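Its first residue numbered 1056, the sequence shown is counted upward by one per residue in the working numbering. We put the beta carbon where it would ideally sit given N, CA and C, even for glycine. From a predicted model like this one, the values you see are computed outputs, not experimental measurements. To keep things clear, I will list the structure first and then write my remarks on it.
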Amino acid sequence: MDLHFNKELIKGYTSNSQIARVLTEGWVKQNSYCPNCGENPLNDYENNRPVADFYCIKCQEEFELKSKGGKLGTTITDGAYDTMIQRITSDTNPNFFFLTYSKELKVDNFLIIPKQFFTPDIIIKRKPLSDTARRAGWTGCNIDISKVSELGKIFLVEKSKIIQPNVVQTAFSKTTFLRNKNADAKGWILDILSCIEKIPNKDFTLNEIYKFESDLKVKYPNNNFIKDKIRQQLQFLRDRGIIEFNGRGTYKKM
C-alpha cells in the first residue's frame, strides 16, 4: 500500500473538487482491498452512481468514499439529509470509507465504518439553504462519527500507519451479526455498547451500566424494564465475545 497519491491521474484537471475526487478515488482503486474478504483490488462503479463508489467482485460488499484534506475530526459533510436517511435505512445501504490526507497529498487516515453502524442518530440535519440561494430550502447533513461505537471505526491506515489486513478483516467480521437484527434490536445493542465505551476502565460492573438507566429511559420511554434489557444486551455481547463476564456483576471489555 502506497500512501502517496498518484499525481499523474490529475493531468488536465483544474477544478479543486475534481482534483480531490480523482486523487482519492484513484488511490482507493489502486491501493485498497475489501475489508470483508480481503479481495484486491476493489472495483469502481461508474461516476455519479447514487448508491456506492466501489464494490467487491468476490463478496459483493459495496462502499462509498468520503474524503477531506486535513484532520479527520468528528463530523463529515454529506449530501441531502432526506436522501441519506433513506439510504441508511434501506436494505442496500453501503459501507462507508473515510479518507483524510495531508497537504503533501499523502493519506493520513483511511477507515471504514460498516453499514450496520449507520443509524439516523448519527446523521445531523443542517439548516436549509436560504430563500435567496440557488437551491433554496435544500437541506444537507453531516455524519457525526463521534457517535459511532469504537467497534465500528476500523482503520486500514491510522495516522499514516498501515494496519495489517488480517487485523482489519477480523475487526470487520466481529460485528456483522448486527446486520441480521431489526432496527429496535440493533439500536439496543449499539446503545449498550455506547454506555460501555463511556466507562473509562477496561473492567466495569453491572452497577456502572445501571447508571445509564435514566438516559436509556429517555430514548425508550415505553420500556418499563430498562435494567432487564441492559442485562439481556450484556449477555448477548458476552456470547459474541465483545465483553467477558467475570462473575458477581463484573465484566471486562474485550
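Do you know offhand how far residue i's Cα is from residue j's?
i: Ile-1247; j: Lys-1284; result: 9 angstroms
i: Lys-1216; j: Gly-1242; result: 32 angstroms
i: Asp-1176; j: Lys-1202; result: 8 angstroms
i: Phe-1291; j: Thr-1305; result: 15 angstroms
i: Lys-1066; j: Ser-1145; result: 38 angstroms
i: Phe-1232; j: Cys-1111; result: 20 angstroms
i: Thr-1155; j: Val-1083; result: 12 angstroms
Does DSSP put residue i in a helix, a strand or coil?
i: Ile-1218; result: coil
i: Lys-1253; result: helix
i: Asp-1186; result: coil
i: Leu-1058; result: coil
i: Val-1203; result: coil
i: Leu-1211; result: strand
Keeping to the same chain, check which residues put their C-beta closer than 7 angstroms to that of residue i; ignore five residues upstream and five downstream.
i: Glu-1220; result: Reading off the sequence, residue 1220 comes out as Pro, not Glu. Hits under 7 angstroms: Tyr-1088 and Gly-1093.
i: Asp-1108; result: Glu-1080, Asp-1099, Tyr-1100, Phe-1118, Glu-1119 and Leu-1120
i: Lys-1308; result: Ile-1251, Lys-1257 and Ile-1298
Does residue i get closer than 8 angstroms to chain D when you measure Cβ to Cβ?
i: Tyr-1265; result: No chain D appears in the structure shown, which is made up of a single protein chain.
Give every residue of the same chain whose Cβ lies closer than 8 angstroms to the Cβ of residue i, excluding the five residues on either side of it in the sequence, and list them in chain order.
i: Thr-1194; result: Ala-1135, Tyr-1136, Asp-1137, Lys-1180, Arg-1181, Lys-1182, Pro-1183 and Leu-1184
i: Ile-1131; result: Lys-1121, Lys-1123, Phe-1153, Asn-1197, Ile-1198 and Ile-1200
Can you name the start and end residues of the beta strand (DSSP E) that residue i belongs to?
i: Lys-1121; result: 1117-1124
Kindly indicate the opening and closing residues of the alpha helix (DSSP H) around residue i.
i: Asp-1138; result: Residue identity check: residue 1138 is Thr in the sequence provided, not Asp. Where Thr-1138 is concerned, the enclosing alpha helix (DSSP H) stretches over 1136-1143.
i: Glu-1268; result: 1268-1274
i: Phe-1291; result: 1281-1294
i: Gly-1304; result: Gly-1304 -> no alpha helix (DSSP H), and no H or E assigned at all.
i: Gly-1077; result: The question names Gly, yet the displayed sequence has Val at residue 1077. Element bounds for Val-1077: 1071-1086.
i: Leu-1160; result: That residue, Leu-1160, is in no alpha helix (DSSP H); it is neither H nor E in DSSP.
i: Leu-1154; result: Where Leu-1154 is concerned, there is no enclosing alpha helix (DSSP H), although the beta strand (DSSP E) it sits in stretches over 1150-1156.
Report yes or no: do three or more beta-carbon pairs, one from the region 1204-1211 and one from the region 1158-1174, lie closer than 8 angstroms?
yes
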